[in-house]
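Engineer: Sharing a structure here in structure tokens format.
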């Protein structure tokens, strides 16, 4: 069992069940609700129920997927919270991926002006990304995470056992955030990442831990994303736009798949407009494309990408804000680029060959 | 100009415009949006525009009234915020009563995970009640303020000049909170309140100030309503239920009108189940009924009142939580009562004669 001590909560990583049971027994909650989707209801809830036998749960099940991360789903969660007579002394356990963590956390933090909640992230993405930083929220008007707030959970319990419930594509999607953490801040982590031959058979605990240490260090320096925390946005300015557009197409992209493309485009911008060497750009391209493959971006969507990027929360006024990679394991935030360069970076991606 | 220094913001009370202009000039906001309803657009916005000439505003107008304090209205506010390209460096000015302050604050605090907002309360109710405590939110499923969060504004500017824009009933509604502040914590304030002969012609600044001092002292002891802050709930357990039911009837009650009835019922409970003397109960009854008049409560609604009370945020599990008045100017929280007694208190109210 590894434990990360954050400013006001702990992350438990490993075989979590002793810690979960201790947590539930040490607190007196009036009720305990578990939020799941149809996947975690089937694959993860039985693991929870097998390991936590002394407590009963009210179940709130929602439909899985980013397309359901909406205010409409929040309304149905709040409705169920009322039906279960949850109050301010109740606990919400978010058992699932990023959608459940972000949206379930948002609903808990706003129901009756705030209930206690804990996260049990079940996807690699949620384990390495959503478990630090207190970002809660939903999409709105096709803008990702447009509505939300910053609030930390009472605790996060990460058990790699849940990763065995994931399809390969989901695992690979989460792995993109580990890659990002290596690229922006930890050259040694990057080197160990590229040495992994098969992520599906790989025991992830150590990479998760080191990835969390990177994120912890950055978020603690800047909890509200005024400065250095923006480096975590590497790959996300373009990646979010791709993901948003794909969400409404018949070829949706997983978050990490979109971020992988975003990182390739933003690495190209880093080389063109900052200090990244051509050699390092090629190393990133080879590795990321090798893992994620290639997906042509339709030029017909380019204007829409720019539109969405101009709505990004990190922008100030009209400029579009980027984080660039200066070298493998080093980054710089508050860079800006022109629309032409951004479009060129998309064309660069389209020109790559696996 | 009176200034109250709260933990992380200031309340300016009096002729506010020098302070408003200084605030806007000292900060560099990317945009400034003003949220109004059709009443404050007509009666209050011109006052703002006359006094603040060096800044331009994006206007967001919503429909007035508690019945519009919904997630649907939030969606339209967020939509307008997007259309105006507001970002995290923008400012939202909530120019209006409690609905605008609570809902506009909630929308600002959750748009892109949080924008700066200030309150310019234009009703007496909002000036004495909503300007301290950081309670933001909306109604949901006919439960008042069921969804929301605690967050303080960057500043509050209270100008009694706005009270001249109010109908008598609105002014009287806000006065209920001043009465409450006297009853729960300040006998001298109560005595000065009952001495006011005509609230409409009365210069309110001093009573507002003293009322704010009561609220400030209580909220600062207990920002998240874990303990003593619950005394501010006097009159509200029953009052909120009356208000919620009335909201969907053809005879809506203003918030303060509902709280006035709630205070009478809860004063009766205070006498029956706690230390309030029969003499003090009568003094409260005479004064409050004299000011607000009488409105028979239909017994057909009683079960619904109990239902709504059982959803109150201050409850823990199944009991219904009350604050009682021990004497004029003294109160006690975390009292509980039975359904029978609550129903008796409603009948007591119905039995009163003006």
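Chains as they are written, first to last, in my numbering: chain A, 387 to 740; chain B, 387 to 740. Built from N, CA and C at the ideal position, the CB exists for glycine as well.
1) Buried or exposed for residue 684 of chain A, going by 16 or more other Cβ atoms inside 10 Å?
2) Going by DSSP in three states, residue 353 of chain B sits in which element: helix, strand or coil?
3) CB residue 520 of chain B to CB residue 534 of chain B, shorter than 7 Å?
4) What is the residue span of the alpha helix (DSSP H) that residue 672 of chain B lies within?
5) For residue 442 of chain A, name the three-state secondary structure that DSSP assigns.
6) Of the residues A:614, A:425 and A:643, which one's Cα is nearest the Cα of residue 550 of chain A?
7) Between residue 454 of chain A and residue 463 of chain A, how many whole angstroms is the CB-CB distance? I'm expecting something under 8 Å.
8) Chain A beta carbons: is any one of them nearer than 7 Å to that of residue 518 of chain B?
9) Under 7 Å between C-beta atoms, does residue 496 of chain B make it to chain A?
10) What does residue 534 of chain B touch in chain A if you count any residue whose Cβ is under 7 Å from its own?
11) To the nearest whole angstrom, what separates the beta carbons of residue 667 of chain A and residue 657 of chain A, a pair I think is in contact under 8 Å?
12) Tell me which same chain residues have a C-beta within less than 6 Å of the C-beta of residue 504 of chain B, skipping the five on either side of it?
13) List the residues that DSSP assigns as beta-bridge partners of residue 511 of chain B.
14) For residue 656 of chain B, name the three-state secondary structure that DSSP assigns.
15) Residues of chain B with a CB under 8 Å from the CB of residue 583 of chain A: which are they?
16) When Cβ atoms are compared, which residues of the region 451-467 of chain B fall closer than 7 Å to chain A?
17) According to DSSP, is residue 517 of chain B part of a helix, a strand, or is it coil?
18) Closest to residue 639 of chain B by C-alpha separation, out of B:490, B:679 and B:537, would be which residue?
19) Let me make sure I understand the geometry here. Which of B:712, B:665, B:729 and B:676 has the alpha-carbon closest to that of residue 693 of chain B?
20) Roughly how far, in whole angstroms, is the beta-carbon of residue 670 of chain B from the beta-carbon of residue 593 of chain B, given that I think they are within contact range, below 8 Å?
21) Who are the Cβ neighbours of residue 701 of chain B in its own chain at under 7 Å, not counting the five residues just before and after it?
22) Which of helix, strand or coil does DSSP assign to residue 395 of chain B?
23) Check the C-beta distance from residue 553 of chain A over to residue 590 of chain A and give it rounded, since I have them as a contact under 8 Å.
24) How many angstroms separate the CA atom of residue 527 of chain A from the CA atom of residue 713 of chain B?
25) Let me check understanding here. Comparing Cα to Cα, which of B:544, B:473, B:408 and B:483 lies closest to residue 501 of chain B?
26) Which whole-angstrom value describes the C-beta separation of residue 434 of chain A and residue 481 of chain A, a residue pair presumed to lie in contact below a C-beta threshold of 8 Å?
27) Which runs of the alpha helix (DSSP H) fall wholly inside the region 600-641 of chain B and span at least 4 residues, in chain order?
28) Which residues in chain A have a C-beta closer than 9 Å to the C-beta of residue 521 of chain B? List them in chain order.
29) Does residue 505 of chain A come out as helix, strand or coil in the three-state DSSP assignment?
30) Should residue 485 of chain B and residue 452 of chain B be called a contact, given that it needs their Cβ atoms to be closer than 7 Å?
31) Starting from residue 709 of chain B, follow the beta strand (DSSP E) in both directions and report where the run begins and ends.
32) Pick out the complete alpha helix (DSSP H) segments inside the region 426-473 of chain A, 4 residues or longer, and give them in chain order.
33) When you compare each of B:608, B:611 and B:558 to residue 587 of chain B by their alpha carbons, which one comes out closest?
34) Between residue 634 of chain B and chain A, is there a C-beta pair that is closer than 7 Å?
35) Run through DSSP, which three-state label would residue 720 of chain B get?
36) For chain A, find out if any of its Cβ atoms is closer than 7 Å to the Cβ of residue 415 of chain B; answer yes or no.
Structural biologist: The short version:
1) Counted from its first residue, the first chain places residue 684 of chain A at position 298. Exposed.
2) It is not possible to answer for residue 353 of chain B, since the shown part of chain B is limited to 387 through 740.
3) The residue you call residue 520 of chain B lines up with position 134 of the second chain. The residue you call residue 534 of chain B lines up with position 148 of the second chain. Taking the C-beta atoms as reference points, residue 534 of chain B is found no nearer than 7 Å to residue 520 of chain B.
4) Taking the first residue of the second chain as 1, we reach residue 672 of chain B at position 286. Counting along the chain, the alpha helix (DSSP H) containing residue 672 of chain B begins and ends at 664-678.
5) Taking the first residue of the first chain as 1, we reach residue 442 of chain A at position 56. Coil, per DSSP.
6) As a working mapping, residue 550 of chain A is identified with position 164 in the first chain. Residue 550 of chain A has its Cα closest to that of A:425, out of A:614, A:425 and A:643.
7) As a position in the first chain, residue 454 of chain A is number 68, starting the count at 1. As a position in the first chain, residue 463 of chain A is number 77, starting the count at 1. Their Cβ separation, rounded to whole angstroms, is 11 Å, which puts residue 454 of chain A and residue 463 of chain A out of contact at 8 Å.
8) Here residue 518 of chain B refers to the residue found at position 132 of the second chain. For residue 518 of chain B, no Cβ of chain A is located within less than 7 Å of the residue's own Cβ.
9) On the second chain, position 110 is the one that residue 496 of chain B refers to. It does; some Cβ of chain A falls within 7 Å.
10) For this step, residue 534 of chain B is matched to residue 148 along the second chain. 496 and 499, listed in chain order.
11) Looking up residue 667 of chain A in the first chain gives position 281. Looking up residue 657 of chain A in the first chain gives position 271. Indeed, because the Cβ distance is near 4 Å, the residues count as touching under 8 Å.
12) Here residue 504 of chain B refers to the residue found at position 118 of the second chain. Sequence-distant Cβ neighbours of residue 504 of chain B in its own chain, meaning closer than 6 Å and more than five residues away, are 479, 539, 540 and 541.
13) Mapped onto the second chain, residue 511 of chain B falls at position 125. None, per the DSSP bridge assignment.
14) Within the second chain, the letter at position 270 stands for residue 656 of chain B. In the structure shown, residue 656 of chain B adopts helical secondary structure according to DSSP, grouped into three states.
15) Along the first chain, one-based indexing puts residue 583 of chain A at 197. The contacting residues do not exist; residue 583 of chain A stays about 39 Å from chain B at best.
16) If the cut-off is 7 Å between Cβ atoms, the region 451-467 of chain B has 457, 461, 464 and 465 near chain A.
17) Counted from its first residue, the second chain places residue 517 of chain B at position 131. The DSSP-derived three-state label of residue 517 of chain B is coil.
18) Reading the second chain from its first residue, position 253 is the one you call residue 639 of chain B. The option with the nearest alpha carbon to residue 639 of chain B is B:679.
19) Stepping through the second chain from its first residue, residue 693 of chain B is reached at position 307. Closest option to residue 693 of chain B, Cα to Cα, is B:729.
20) One-based indexing of the second chain puts residue 670 of chain B at position 284. One-based indexing of the second chain puts residue 593 of chain B at position 207. Your pair residue 670 of chain B and residue 593 of chain B does not check out as a contact, with CB atoms roughly 18 Å apart and the cut at 8 Å.
21) Taking the first residue of the second chain as position 1, residue 701 of chain B is located at position 315. Exclusion of the five residues before and after residue 701 of chain B leaves 707 as the residues of its chain whose Cβ lies within less than 7 Å of its Cβ.
22) For the purposes of this step, residue 395 of chain B is identified with residue 9 of the second chain, where counting begins at 1. In the structure shown, residue 395 of chain B sits in coil (DSSP, three-state: anything other than H, G, I, E or B).
23) Taking the first residue of the first chain as position 1, residue 553 of chain A is located at position 167. Taking the first residue of the first chain as position 1, residue 590 of chain A is located at position 204. With a Cβ gap of about 15 Å, residue 553 of chain A and residue 590 of chain A do not count as contacting.
24) Position 141 of the first chain, counted from the first residue, corresponds to residue 527 of chain A. Position 327 of the second chain, counted from the first residue, corresponds to residue 713 of chain B. Cα to Cα, residue 527 of chain A sits roughly 53 Å from residue 713 of chain B.
25) Residue numbering aside, residue 501 of chain B sits at position 115 when the second chain is read from its first letter. Distance from the Cα of residue 501 of chain B is smallest, within the candidate group B:544, B:473, B:408 and B:483, for B:473.
26) Position 48 of the first chain holds residue 434 of chain A. Position 95 of the first chain holds residue 481 of chain A. Their Cβ separation, rounded to whole angstroms, is 6 Å, which keeps residue 434 of chain A and residue 481 of chain A in contact under 8 Å.
27) For the region 600-641 of chain B, whole alpha helix (DSSP H) runs of length 4 or above, ordered along the chain, are 622-633.
28) Translated into positions along the second chain, residue 521 of chain B becomes position 135. Within chain A, the residues near residue 521 of chain B are 499.
29) Your numbering for residue 505 of chain A matches position 119 in the first chain. Residue 505 of chain A falls in the strand class under three-state DSSP.
30) For the purposes of this step, residue 485 of chain B is taken as residue 99 along the second chain, with counting starting at 1. For the purposes of this step, residue 452 of chain B is taken as residue 66 along the second chain, with counting starting at 1. Yes. Within cutoff.
31) Within the second chain, numbered from 1, the residue matching residue 709 of chain B stands at position 323. 706-713 is the extent of the beta strand (DSSP E) around residue 709 of chain B.
32) 431-437 and 457-469, all fully within the region 426-473 of chain A.
33) The sequence position of residue 587 of chain B within the second chain is 201, counting from 1. The shortest C-alpha separation from residue 587 of chain B is found at B:558.
34) Counted from its first residue, the second chain places residue 634 of chain B at position 248. Under the 7 Å criterion on CB atoms, residue 634 of chain B is classed as non-interfacial with respect to chain A.
35) For the purposes of this step, residue 720 of chain B is identified with residue 334 of the second chain, where counting begins at 1. In the three-state DSSP reduction, residue 720 of chain B falls in the strand class (E or B).
36) The residue you call residue 415 of chain B lines up with position 29 of the second chain. No, residue 415 of chain B lies away from the interface with chain A (no Cβ there is under 7 Å from its Cβ).
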